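Novice: My questions all concern the structure below.
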Amino acid sequence: MTSTGDLTALEAGMAELSTPMRVFVAAGRFTETDPDLPELAARIRALLAVVAADEAWRRFLPEYAPPSVPEICAALEPVETQEAAAFLARIAGIDLLWPSHRHLPVKTAECAADRVVSLLGPEAYWWTNHDTECGAVNGLTPLFDSLLAGTDGEHFALALQIADD
Numbered sequence: 001m002t003s004t005g006d007l008t009a010l011e012a013g014m015a016e017l018s019t020p021m022r023v024f025v026a027a028g029r030f031t032e033t034d035p036d037l038p039e040l041a042a043r044i045r046a047l048l049a050v051v052a053a054d055e056a057w058r059r060f061l062p063e064y065a066p067p068s069v070p071e072i073c074a075a076l077e078p079v080e081t082q083e084a085a086a087f088l089a090r091i092a093g094i095d096l097l098w099p100s101h102r103h104l105p106v107k108t109a110e111c112a113a114d115r116v117v118s119l120l121g122p123e124a125y126w127w128t129n130h131d132t133e134c135g136a137v138n139g140l141t142p143l144f145d146s147l148l149a150g151t152d153g154e155h156f157a158l159a160l161q162i163a164d165d
């Protein structure tokens, strides 16, 4: 992905996956030279700060400060590129606590997720806070959360669903 139009399309695709108070997203271009996992973790940390500042979530996170960049890096597990679109659609569309509840229609979530993954390309790297081998989640907040982060080395896309019972 190299053009401004592609970046605009990436941002629009991620915006389609966002839902009020539940699914927070971010997309953009790195400003650092040769970004790697720590730079992606810094973007994740910034997204977590947005959640913590959100009026609806502040009462659940009164003393919360996002984890440090090294702590975020340690919480991340790789996701295969061929699994990224389905994972992204689940984060955006299916409620963490009540899987029968949909935040987005299935087709909307799948189409937007496919577009985002396609824009970052087949060489993109994807990360989650889920341990895919055992099913555990390395929580980034004191609440229930599910993250997918992707990068092509120049751009990034982040989706975080948050829930509290």
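Using the working numbering, the first residue of the sequence shown is number 1, and each one after it goes up by one. Glycine is no exception: its CB is placed at the ideal position from the N, C-alpha and C atoms. A quick note: this is a predicted structure, and the numbers were derived from the prediction, not measured.
(1) Return helix, strand or coil for Ala26, following the three-state DSSP convention.
(2) Are the CB atoms of Val23 and Ala92 within a distance shorter than 8 Å?
(3) Could you tell me the alpha carbon to alpha carbon distance between Arg115 and Gln161, rounded to whole angstroms?
(4) Note down the Cα distance separating Gly13 from Pro35, rounded to an integer number of angstroms.
(5) Going by alpha carbons, who is nearest to Met21 out of Glu71, Lys107, Glu154, Leu48?
(6) Have a look at Glu154, Ala159, Ala149 and flag the residue whose alpha-carbon is nearest the alpha-carbon of Leu7.
(7) Per the DSSP calculation, Pro99 is bridged to which residue(s)?
(8) By the DSSP assignment, the alpha helix (DSSP H) with Ile72 in it spans what residues?
(9) Distance, Cα to Cα, Tyr125 vs Pro67?
(10) Cβ atoms of Ala163 and Leu17: under 8 Å apart, would you say?
(11) Give the range of the alpha helix (DSSP H) segment to which Thr151 is assigned.
Specialist: Short version:
(1) Here residue 26 corresponds to residue number 26 of the sequence shown, with the count starting at 1. Strand, per DSSP.
(2) Here residue 92 corresponds to residue number 92 of the sequence shown, with the count starting at 1. Here residue 23 corresponds to residue number 23 of the sequence shown, with the count starting at 1. It is a contact, given that the beta carbons lie within the stated cut-off.
(3) As a first step, residue 115 is located in the sequence shown; it is residue number 115 there, counting from the start. As a first step, residue 161 is located in the sequence shown; it is residue number 161 there, counting from the start. Going from the Cα of Arg115 to the Cα of Gln161 covers about 19 Å.
(4) Looking up residue 13 in the sequence shown gives position 13. Looking up residue 35 in the sequence shown gives position 35. Gly13 and Pro35: Cα-Cα distance of roughly 22 Å.
(5) Here residue 21 is taken as the residue at index 21 of the sequence shown, counted from 1. When only C-alpha atoms are compared, the closest one is Leu48.
(6) By 1-based counting over the sequence shown, the position of residue 7 is 7. Closest by C-alpha distance to Leu7, out of Glu154, Ala159, Ala149, is Glu154.
(7) Sequence index remark: in the sequence shown, residue 99 carries index 99 (1-based). DSSP, once it has assigned bridges, lists no residue as partnering Pro99.
(8) Along the sequence shown, read from residue 1 onward, the residue named residue 72 stands at position 72. Counted as a single uninterrupted DSSP element, the alpha helix (DSSP H) harbouring Ile72 occupies residues 69-75.
(9) Against the sequence shown, residue 125 aligns to sequence position 125. Against the sequence shown, residue 67 aligns to sequence position 67. Taking the Cα positions, Tyr125 is about 21 Å away from Pro67.
(10) On the sequence shown, residue 17 is found 17 positions in, with the first residue counted as 1. On the sequence shown, residue 163 is found 163 positions in, with the first residue counted as 1. Annotated as distal: Leu17 and Ala163, with beta-carbon spacing of 8 Å or more.
(11) Within the sequence shown, numbered from 1, the residue matching residue 151 stands at position 151. Per DSSP, Thr151 belongs to no alpha helix (DSSP H); it is in the beta strand (DSSP E), 144-151.
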